[in-house]
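Reading through the structure tokens given below for one structure.
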Amino acid sequence: MSTVDERIQTIKTQLIGNSGVRVLLVEGPDDVDAYRIFLDRKFPGWERKWHIEPAGKKASVVKMAKKEGSWLGLVDRDEWTDAEITKQVGDCPNLLILPRFCLESYLIDPQELWEAFPEKQRAKIPGGEAQFCQELLANLEGWIRHAAFWHGIRPLWQQLRDLRFPDAVFGSPPMLDDESLRAKFKVWHDSLDADVILRRVHDLQAELTSKDQSELCRRWLYAKNFYPQVVHTVLNRLLGLKSPKDRRNSILRFRSIPEDLNVLWNAMGLNP
577 MSTVDERIQT IKTQLIGNSG VRVLLVEGPD DVDAYRIFLD RKFPGWERKW
627 HIEPAGKKAS VVKMAKKEGS WLGLVDRDEW TDAEITKQVG DCPNLLILPR
677 FCLESYLIDP QELWEAFPEK QRAKIPGGEA QFCQELLANL EGWIRHAAFW
727 HGIRPLWQQL RDLRFPDAVF GSPPMLDDES LRAKFKVWHD SLDADVILRR
777 VHDLQAELTS KDQSELCRRW LYAKNFYPQV VHTVLNRLLG LKSPKDRRNS
827 ILRFRSIPED LNVLWNAMGL NP
């Protein structure tokens, strides 16, 4: 029995039994905490119908969701392109893609954060919302460039895999002759042309520079780093020290419940 099969069996026998409760698979424990907070606030009693379980990583969510069609899988968008998302959802209709880059994208938009602060916390920032936004986005240009590199370069691995790298040359004997190997190597090499990649990055950087702040925060910035390195650091300085986990959960408890999660609530059959 595979590890995935064993995990599914454990969930069925030890966690949901014959209760009829369905399972929402997410990537990790932080995801469980976050969606529990939102669900407790919006749909008291949701646990009578659903159990949230961390699968460990995106690939495991996908594999488990494919095997259990009555369950739902929810994964971050992060490195998946629109084409990859279309393919994955086509292969697994009970797979949902987070509307934002990742879970931490709900923790970094200055406007959403400011709206979540109680008046007592707002009063601690002398310059108010304007100063808060300025401090959070002081190095926005650098993060935009980082996002352009990440989104421009990260999909290359899938592109190479689509070109059957490296499996195309690893078949059983007889092996490809040198001329055929050179042809394969050239295709892989051309896909990694430095000038082409840099143009892609520069074009994307120019595109991102023109986008508004909210779209950058929700869809493009690498929030998995931006939250701990920028948001948490700034809030520790302005509002007092907290652990990253306590601050994250505090923000999720007080921020508005994101409207873009309606796709999840609808799939769970919770919205009226």
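So that you can map any letter, position 266 of the sequence shown is 842 in my numbering, and since no number is skipped, the others follow by simple counting. Glycine is no exception: its CB is placed at the ideal position from the N, C-alpha and C atoms.
Please state if the CB of residue j and the CB of residue i are separated by a distance shorter than 8 Å.
i: S636; j: V597; result: no
i: V599; j: V608; result: no
i: L828; j: I613; result: yes
i: P675; j: D788; result: no
i: E680; j: K800; result: yes
i: S786; j: L736; result: no
Cutting at 6 Å between CB atoms, please list the residues of its own chain near residue i, excluding the five before and the five after it.
i: I661; result: I673
Take residue i and list the residues in its own chain whose beta-carbon comes closer than 8 Å to its own, dropping the five residues that flank it on each side.
i: V745; result: M751, L752, L757, K760
i: V807; result: L683, I684, L689, L712
i: V777; result: A724, F725, G728, I729
Name, in chain order, the residues that DSSP records as bridge partners for residue i.
i: I628; result: L600
i: L797; result: DSSP lists no partner for L797.
i: L757; result: Its beta-bridge partners do not exist; DSSP assigns none.
i: L650; result: L672
If we ignore side chains and look at the alpha-carbon of each, how far apart do residue i and residue j end up?
i: I628; j: P605; result: 10 Å
i: Q590; j: S790; result: 42 Å
i: V665; j: L840; result: 14 Å
i: K634; j: V651; result: 6 Å
i: M844; j: V638; result: 17 Å
i: R831; j: E705; result: 15 Å
i: G816; j: G718; result: 26 Å
i: G747; j: D667; result: 27 Å
Suppose the cutoff is 7 Å on Cβ atoms and the five residues either side in sequence are ignored; what does the same chain contact list for residue i look like?
i: W622; result: L615, L846
i: R824; result: L683
i: L780; result: A724, H727, G728
Would you kindly report the start and end of the unbroken beta strand (DSSP E) that includes residue i?
i: I673; result: 671-673
Could you check where the alpha helix (DSSP H) with residue i kicks off and where it finishes?
i: V580; result: 579-586
i: G704; result: 704-712
i: L774; result: 770-785
i: V608; result: 605-618
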